[in-house]
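Just so we're aligned, residue 9 is where the sequence shown starts under my numbering, counting upward by one. Ideal placement from N, C-alpha and C gives every residue a C-beta, glycine not left out. These notes concern the structure reproduced below.
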Amino acid sequence: MTSNRVAHVAASIAFALGVAACGDEAPTPGALGDAESGHVAATSYTAKANAAVLDRLPFDDRADFVAAKRGFIGSRKDPVIRKADGSEVWNLDRFAFTEGDAPDSVHPSLWRQAKLNLMHGLYEVQEGIYQVRGYDLANMTFIAGDTGWIVIDPGTTMETGRAALELVTEHLGERPVTGLIYTHSHIDHFGGARGVLPEPGDTPVIAPEGFIVEAVSENVLAGTTMSRRASYMFGFLLHRGPRGHVDSGLGKASTPGTFSLVAPTRTVDHTPTEITVDGVRMIFQNTPGAEAPAEMMVYLPDRKAICGAENVSHVLHNLYTLRGAKVRDALLWSGYIQETIDRFGGEAEVLFASHHWPTWGNAEIVDYLKKQRDVYKYIHDQTLRLANHGETMIEIAEQIELPKSLAETFAVRGYYGTVNHNSKAVYQHYFGFFDANPANLNPLPPVDAAERYVEFMGGGAALLEKAQASYDRGEYRWVAQVVNHLVFAEPDNEAAKALLASAYDQLGYQAESGPWRDFYLTGAKELREGMAPLPFETTGSSDIVGAMPSDLFFDALAVRLNGPDAEDEEVTLNFVFTDIDETHVVWLENAVLHHRRADAPVEADATLKLTRETWDQIITKQTTLRRKLLAGDIDVDGSRLALIGFFSLLDDFDPEFPIVTP
Numbered sequence: 009m010t011s012n013r014v015a016h017v018a019a020s021i022a023f024a025l026g027v028a029a030c031g032d033e034a035p036t037p038g039a040l041g042d043a044e045s046g047h048v049a050a051t052s053y054t055a056k057a058n059a060a061v062l063d064r065l066p067f068d069d070r071a072d073f074v075a076a077k078r079g080f081i082g083s084r085k086d087p088v089i090r091k092a093d094g095s096e097v098w099n100l101d102r103f104a105f106t107e108g109d110a111p112d113s114v115h116p117s118l119w120r121q122a123k124l125n126l127m128h129g130l131y132e133v134q135e136g137i138y139q140v141r142g143y144d145l146a147n148m149t150f151i152a153g154d155t156g157w158i159v160i161d162p163g164t165t166m167e168t169g170r171a172a173l174e175l176v177t178e179h180l181g182e183r184p185v186t187g188l189i190y191t192h193s194h195i196d197h198f199g200g201a202r203g204v205l206p207e208p209g210d211t212p213v214i215a216p217e218g219f220i221v222e223a224v225s226e227n228v229l230a231g232t233t234m235s236r237r238a239s240y241m242f243g244f245l246l247h248r249g250p251r252g253h254v255d256s257g258l259g260k261a262s263t264p265g266t267f268s269l270v271a272p273t274r275t276v277d278h279t280p281t282e283i284t285v286d287g288v289r290m291i292f293q294n295t296p297g298a299e300a301p302a303e304m305m306v307y308l309p310d311r312k313a314i315c316g317a318e319n320v321s322h323v324l325h326n327l328y329t330l331r332g333a334k335v336r337d338a339l340l341w342s343g344y345i346q347e348t349i350d351r352f353g354g355e356a357e358v359l360f361a362s363h364h365w366p367t368w369g370n371a372e373i374v375d376y377l378k379k380q381r382d383v384y385k386y387i388h389d390q391t392l393r394l395a396n397h398g399e400t401m402i403e404i405a406e407q408i409e410l411p412k413s414l415a416e417t418f419a420v421r422g423y424y425g426t427v428n429h430n431s432k433a434v435y436q437h438y439f440g441f442f443d444a445n446p447a448n449l450n451p452l453p454p455v456d457a458a459e460r461y462v463e464f465m466g467g468g469a470a471l472l473e474k475a476q477a478s479y480d481r482g483e484y485r486w487v488a489q490v491v492n493h494l495v496f497a498e499p500d501n502e503a504a505k506a507l508l509a510s511a512y513d514q515l516g517y518q519a520e521s522g523p524w525r526d527f528y529l530t531g532a533k534e535l536r537e538g539m540a541p542l543p544f545e546t547t548g549s550s551d552i553v554g555a556m557p558s559d560l561f562f563d564a565l566a567v568r569l570n571g572p573d574a575e576d577e578e579v580t581l582n583f584v585f586t587d588i589d590e591t592h593v594v595w596l597e598n599a600v601l602h603h604r605r606a607d608a609p610v611e612a613d614a615t616l617k618l619t620r621e622t623w624d625q626i627i628t629k630q631t632t633l634r635r636k637l638l639a640g641d642i643d644v645d646g647s648r649l650a651l652i653g654f655f656s657l658l659d660d661f662d663p664e665f666p667i668v669t670p
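Take a look at the structure:
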């Protein structure tokens, strides 16, 4: 029992690190032909709604397409990037359908973004600055130093990082990597580290303060649920096609593969911090708590170039990410962008970032930064204005529309975040979940409420008949809201699930946001086919797990403690990691699991002595606790029964829990 419990805890932590810790990114499944998608065709109402977008936005403005092509040098001969075992990591051929005008089943603005994100290859940003774009969700930037390449953000996986370096070498010649910079703590900006820097040696590796903790921590405590929700947000199980996954907004998709991490040798904790790497002067702007908990931007004064990290992209980003994470501070984010304008806006001639294409020209850069600044502050200020008029979160989200100067700027369109859910994030940031209406203080849980709703509506058959009429009138939001009650009241009602799935299809087709589209279409797929396992496996990265502070692992154990089962139980355990000279005391009291560092073991029911390396091997499923015990790599002093009893109190988490059904 002990080894099984530990193995499951370890596997779930590894799963969270390998998948959910991608920040707003995660691995990609294979593709099916569009005819096999199972999603219904776009209705006339959806076709009309999408066609109307063409009149509202300046689609004749081709400046982004010119910018995205600028500086093109060459692309990979093979569009497929593979792991050592031959499995696919990246395949641009799966998105070859993105041609011509938008079909009725795709929002025209999202289709435009999908075309831009499909451009791929090696590009010259400016003399001595190059980017590899389109072979990962994020860009990889290569800056020519005196003797080698300084790499900014090495991609998500070792395979994509290595492929980018090979493309650079093919066209620009072989040079060593003499510096590595992580702009922030999401995995698509550090996971490919060993693809470009297999043996770090004395190579400087620079990251923002708090990078290591944030890189491994955001999704560990809630990793199982975040991973499940991420499967919706990024369409892991959707085919690639006009009725499936089209684009993620930030890029085509994310990548499965081999995650890695090279620990930073220097961190940036204040603005400005100036560091010279391989002859290249860099001024760092520290921006914690904006797009990521640990993030920084970079200015190259001798080249008048700004690296905007992910604080500025050609999208409206997320103040709240739908996979679930702490809400981001819109006012702080906007303030950092103003600081960038104040510090560097007077002379910058090019701005490149961790996603999308660069912006050239000082006036163009300042205008771009101002609009990025203002979209977050507008949402922030107007949400609070309406809240102070007594409007609730949902009412506010329904009312806020960007001013024309922002709404008609493609660089702040809602391809990733949306005005709707970002305004809700601002409300949540200040007021929390409760809208002050007593009726919403303690509502019935979904199934109990659904059964009563259906009864009040005259029963399932009557509800379904009325809902079908609403669907036939194109009222898809209402259909989704009301038929969801019927599905939760009668989960075996196939007609209800079919109608709800069809409504989700239409809502997905009309969504400008890639994540909104994937959420709706994944919900539709699951209603029709039931839950399916994720189309990849991960055991986590030994680099990433090895960097995880020991305290965090014990926090994760505490989340798994079954409080009711642990009532009246008391136990104390010592974990002694002999190779890193750490002792951790874990004790159970009042059905709460506590832990602390200690100078030496305390009196306990049992003491485990092992190396942290051994523990990491168990976490990454390279071995099991039982094997290590039998091999003598773990010494247990005290009661093994107490140890077994302790682990029997920990819950198992299964990421395949229902979302669109009870």
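Sheet register partners of residue i (DSSP bridge)
{"i": "Val159", "result": "Phe150, Leu188"}
{"i": "Gln134", "result": "Ile137"}
{"i": "Arg289", "result": "Thr284"}
{"i": "Val276", "result": "Pro216"}
{"i": "Arg90", "result": "Glu96"}
{"i": "Val579", "result": "Leu596"}
{"i": "Ala540", "result": "Per DSSP, none; premise fails for Ala540."}
{"i": "Tyr307", "result": "Ile291, Ile314"}
{"i": "Trp368", "result": "Val358"}
{"i": "Arg604", "result": "Val593"}
Per-residue DSSP class, three states only, for residue i
{"i": "His247", "result": "coil"}
{"i": "Asp662", "result": "coil"}
{"i": "Glu33", "result": "The predicted position of Glu33 is uncertain, since its pLDDT is 44 and thus under 50; a value taken from the coordinates is nonetheless stated next. Coil, per DSSP."}
{"i": "Tyr484", "result": "helix"}
{"i": "Ala674", "result": "In the structure displayed, the chain extends from 9 to 670; residue 674 sits before or after that span and is not available."}
{"i": "Thr591", "result": "strand"}
{"i": "Arg393", "result": "helix"}
{"i": "Gly398", "result": "coil"}
Minimum C-alpha distance to residue i - residue among the options
{"i": "Gly163", "options": "Glu303, Glu498, Leu145, Val455", "result": "Leu145"}
{"i": "Val487", "options": "Leu494, Ala497, Ala475, Arg481", "result": "Ala475"}
{"i": "Glu132", "options": "Leu126, Glu403, Met148, Leu124", "result": "Met148"}
{"i": "Lys312", "options": "Ala261, Arg351, Leu616", "result": "Arg351"}
{"i": "Ile137", "options": "Asp645, Arg331, Ala361", "result": "Ala361"}
{"i": "Gly646", "options": "Gly287, Asn582, Leu657", "result": "Asn582"}
{"i": "Leu65", "options": "Ala110, His192, His322, Lys412", "result": "Lys412"}
{"i": "Phe665", "options": "Ala201, Asp286, Gly538", "result": "Gly538"}
{"i": "Pro301", "options": "Pro499, Asn227, Gly252", "result": "Asn227"}
{"i": "Gly467", "options": "Glu498, Gln489, Asp456", "result": "Glu498"}
{"i": "Gly218", "options": "Leu638, Ala564, Gly108, Tyr190", "result": "Tyr190"}
Neighbour-count burial assignment, residue i, 16 or more Cβ in a 10 Å radius
{"i": "Asn598", "result": "exposed"}
{"i": "Glu502", "result": "exposed"}
{"i": "Arg674", "result": "No information on residue 674 is available, as it lies outside the stretch 9 to 670 that the chain covers here."}
{"i": "Gly640", "result": "exposed"}
{"i": "Val176", "result": "buried"}
{"i": "Gly398", "result": "exposed"}
{"i": "Asn450", "result": "exposed"}
{"i": "Val593", "result": "buried"}
{"i": "Asn448", "result": "exposed"}
{"i": "Val97", "result": "buried"}
Beta-carbon contacts of residue i that lie in its chain and below 6 Å, excluding the five residues immediately before and after
{"i": "Ile283", "result": "Met290"}
{"i": "Ser478", "result": "Trp486, Val487"}
{"i": "Tyr517", "result": "Ala50, Thr54, Ser113"}
{"i": "Val579", "result": "Leu596, Asp613, Ala650, Phe654"}
{"i": "Trp157", "result": "Phe150, Arg183, Val185"}
{"i": "Pro663", "result": "Thr232, Ser235, Arg236"}
{"i": "Ala39", "result": "Residue placement at Ala39 is poorly supported in this model, since its pLDDT is 43, which falls under 50; the coordinates are not used for a value here."}
Neighbourhood of residue i by C-beta, 7 Å cutoff - its chain only, sequence neighbours within 5 removed
{"i": "Tyr435", "result": "Thr391, Ala395, Met401, Ile404"}
{"i": "Glu621", "result": "Asp587"}
{"i": "Pro309", "result": "Arg289, Ile291"}
{"i": "Ala4", "result": "For the chain, the structure presents residues 9 to 670; residue 4 sits outside this window and is missing."}
{"i": "Gly1", "result": "It is not possible to answer for residue 1, since the shown part of the chain is limited to 9 through 670."}
{"i": "Gly82", "result": "Gly129, Leu130, His179"}
Close beta carbons around residue i, own chain, < 8 Å, minus the five adjacent residues each side
{"i": "Leu414", "result": "Lys379, Asp382, Val383, Tyr386, Val420"}
{"i": "Leu324", "result": "Val383, Val420, Arg421, Gly422, Tyr423, Tyr424, Gly425, Thr426, Val427, Asn430"}
{"i": "Ala555", "result": "Ile220, Ala223, Val224, Leu269, Ala271"}
{"i": "Arg604", "result": "His592, Val593"}
Closer than 8 Å to chain B by CB, residue i
{"i": "Asn99", "result": "In the displayed structure, chain B is absent; only one protein chain is listed."}
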